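As structure tokens, the structure follows; a few thoughts come after it.
Numbering (the working numbering), first residue to last: 34 to 756.
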């Protein structure tokens, strides 16, 4: 790469005689088999990484030797690998800004290096825009950790690690039989009555998490100078400063420090699993069980979404960075992407790559792009989640996110594009390329018509379905079928009994016999009394006929041919059921269809624009596309869901009325569509009644992508916020 050796500004720094301040520490580390040196300022707890060449140059600065002499000595020893004059100026400026150098600067050099450059203000400004991790220091925990370390030392060992692994494995084995109940209870976690407990336990769990970082950091000889409060998406959570682990020579020690918090959380979650399983058997629904579930939920969901995720700058990020041996992975990835733009788009000959290793450039660029998209996705999801509970706070969070990740970066780029001196010769080209890119983006997204897709959610249903409901109150004595069993019309499914009803029937039969005898005796002697007896006889006969009908209904028969699905099973024997209580359905698996539900805005597509294709993806086989077509579209809305799996609580996207405990009443009218399932799919079978289906309609009309994306985002917002 072409690196100009000399700089026009060299005369401003060449005669300076700087030296590192006495409090600065330097440690040697190996990265990918090559020696590097970590410069640590214990006062500000800042770290800088120097390659052997830069370290040699800094080492020559002893307070008497001039910068020019040190540079020439480095140039003589390392040749083309030595830093250029511009690189030396940048290195001196960075160290001077961090207050690592002691040097008397003349006025022009002070202007060149811009000491401090409002470092504190910029740090707070960056934190304010970084909504994912606003930090407020509180106190130095060194004394507390020094006291706790001997207590935890037996557990922070090889045997402690083995015991931890056995405990986690035992918890997994214990909770596996209850996974269905575990997932079903997830809806109760976000109930308003549980918010206070969730907030309290979130804080306590994260304090335990950070204690793990601090203890393991001290275990390997590191210092923890700071503990404070971090606003994790507006939720207060404690944090510790364990950056001294960057000095550890072993990368695996650094990985253990980053992993310690999650390991401590898994320890807590494992204990909570045993408590939850015990309470599930002894006292289901108790406060202890709910608190244990909160611990399990928080220690898994937040760990996966944030701590273990390498795309966010939390524990997973530092673990990945240490394993790959790429320090400052996020910054280097962003700079490498900028380098490609500057080098090949703007034509800047002095642009410098952040890597010289084969394959690392692709890794850095891929990480930069994926991490940025993920950050936008996670913040969009969090904003919707918060807005669903507190609309005003959700809107504020969305505005904050847009400002931090869209408006501010665009403003900074515009400022750099207009006044940055490194673009003096390439500025016209850079502006032209930027304008061309923006114009291409606007035209391709906002003006070029492409295939218009509409999405909906549906459920597999049988066209020949019949509900199985108890017709008369009674105790189930015998269940003759199980789910999945094929039956024919008229087959006996359930035999029930109602002793009270039978007793009443026998009593009426006895009365009828008595009236019949009296009727025969008075028929010729007392015509008037005989007439009265006849009226009573007819009344009792009607009552007996009604009772016979109800007693016959105690035997539940199959209303049609099909397969039994639902809750009906022999374990129901002995239980009391009331009239109308559902037991399941009879489904004809040879005649299946998909019933889709769309709101009023989406409903305009099937009615007013011809559909070209319909694609189905079942929840169990999301990778397989099933071609379908529209059978029927109903022009009137309905407020009852055909299946609970379509609701938000059931994993779908349709918001339901919070006052409906069954979760079957929608907040807004939904329009029903019937879609065909091809015979080949039904014959396999590749889907089953009650299974959720994702549907994509491709319309014959074309619409720009920007309009489609806007419509899709608005649909998501409407579904989540119920507006």
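Yeah, the Cβ is synthetic: ideal placement off N, Cα and C, and Gly gets one too.
Since the structure is predicted, the reported quantities are computational estimates derived from the model, not experimental observations.
First through last residue of the beta strand (DSSP E) which encompasses residue i
{"i": "residue 182", "result": "Premise fails: residue 182 lies in the alpha helix (DSSP H), 175–185, not in any beta strand (DSSP E)."}
{"i": "residue 518", "result": "It is not in any beta strand (DSSP E) - residue 518 carries neither H nor E in the DSSP assignment."}
{"i": "residue 73", "result": "67–74"}
{"i": "residue 709", "result": "698–709"}
{"i": "residue 272", "result": "268–273"}
{"i": "residue 512", "result": "507–512"}
{"i": "residue 442", "result": "Here residue 442 belongs to no beta strand (DSSP E); instead the alpha helix (DSSP H) covers 441–452."}
Residue burial classification, residue i (beta-carbon count within 10 angstroms, cutoff 16)
{"i": "residue 725", "result": "buried"}
{"i": "residue 598", "result": "buried"}
{"i": "residue 571", "result": "exposed"}
{"i": "residue 45", "result": "buried"}
{"i": "residue 114", "result": "exposed"}
{"i": "residue 673", "result": "exposed"}
{"i": "residue 399", "result": "exposed"}
{"i": "residue 743", "result": "exposed"}
{"i": "residue 490", "result": "buried"}
{"i": "residue 600", "result": "exposed"}
{"i": "residue 745", "result": "exposed"}
{"i": "residue 613", "result": "exposed"}
{"i": "residue 453", "result": "exposed"}
{"i": "residue 202", "result": "exposed"}
{"i": "residue 526", "result": "buried"}
{"i": "residue 119", "result": "buried"}
{"i": "residue 449", "result": "exposed"}
{"i": "residue 619", "result": "buried"}
{"i": "residue 731", "result": "exposed"}
{"i": "residue 346", "result": "buried"}
{"i": "residue 703", "result": "buried"}
{"i": "residue 579", "result": "exposed"}
Through-space distance from residue j to residue i, alpha-carbon basis
{"i": "residue 246", "j": "residue 204", "result": "23 Å"}
{"i": "residue 459", "j": "residue 377", "result": "12 Å"}
{"i": "residue 395", "j": "residue 314", "result": "53 Å"}
{"i": "residue 523", "j": "residue 589", "result": "9 Å"}
{"i": "residue 229", "j": "residue 445", "result": "40 Å"}
{"i": "residue 530", "j": "residue 596", "result": "25 Å"}
{"i": "residue 1", "j": "residue 111", "result": "With the chain covering only 34 through 756, there is no way to say anything about residue 1."}
{"i": "residue 153", "j": "residue 193", "result": "The predicted model places residue 153 with a pLDDT of 44, which falls under 50 and marks its position as unreliable; any figure quoted below should be read in that light. Their Cα atoms are separated by approximately 42 Å."}
{"i": "residue 133", "j": "residue 476", "result": "50 Å"}
{"i": "residue 320", "j": "residue 308", "result": "11 Å"}
{"i": "residue 670", "j": "residue 723", "result": "21 Å"}
{"i": "residue 286", "j": "residue 249", "result": "9 Å"}
{"i": "residue 270", "j": "residue 380", "result": "45 Å"}
{"i": "residue 653", "j": "residue 191", "result": "42 Å"}
{"i": "residue 282", "j": "residue 288", "result": "12 Å"}
{"i": "residue 186", "j": "residue 60", "result": "26 Å"}
{"i": "residue 54", "j": "residue 253", "result": "26 Å"}
{"i": "residue 748", "j": "residue 735", "result": "19 Å"}
{"i": "residue 211", "j": "residue 436", "result": "44 Å"}
{"i": "residue 497", "j": "residue 573", "result": "40 Å"}
{"i": "residue 562", "j": "residue 568", "result": "10 Å"}
Test item: CB-CB of residue i and residue j under 8 Å
{"i": "residue 290", "j": "residue 208", "result": "no"}
{"i": "residue 387", "j": "residue 369", "result": "yes"}
{"i": "residue 89", "j": "residue 73", "result": "no"}
{"i": "residue 50", "j": "residue 98", "result": "yes"}
{"i": "residue 481", "j": "residue 258", "result": "no"}
{"i": "residue 545", "j": "residue 566", "result": "no"}
{"i": "residue 663", "j": "residue 710", "result": "no"}
{"i": "residue 331", "j": "residue 234", "result": "yes"}
{"i": "residue 93", "j": "residue 106", "result": "yes"}
{"i": "residue 100", "j": "residue 42", "result": "no"}
{"i": "residue 327", "j": "residue 231", "result": "yes"}
{"i": "residue 492", "j": "residue 678", "result": "yes"}
{"i": "residue 174", "j": "residue 262", "result": "no"}
{"i": "residue 486", "j": "residue 741", "result": "yes"}
{"i": "residue 71", "j": "residue 80", "result": "yes"}
{"i": "residue 495", "j": "residue 397", "result": "no"}
{"i": "residue 615", "j": "residue 502", "result": "yes"}
Continuous alpha helix (DSSP H) stretch holding residue i: start and end
{"i": "residue 111", "result": "100–111"}
{"i": "residue 348", "result": "348–357"}
{"i": "residue 58", "result": "Element bounds for residue 58: not the alpha helix (DSSP H) but the beta strand (DSSP E), 58–64."}
{"i": "residue 284", "result": "284–315"}
Quiz item: Counting Cβ pairs closer than 8 Å, one from the region 540–548 and one from the region 508–524, do we hit at least three?
Solution: The region 540–548, when compared against the region 508–524, does not touch it at the 8 Å Cβ threshold.
Quiz item: Are the region 267–279 and the region 301–310 touching, with three or more C-beta to C-beta distances below 8 Å?
Solution: Not touching, per the Cβ criterion.
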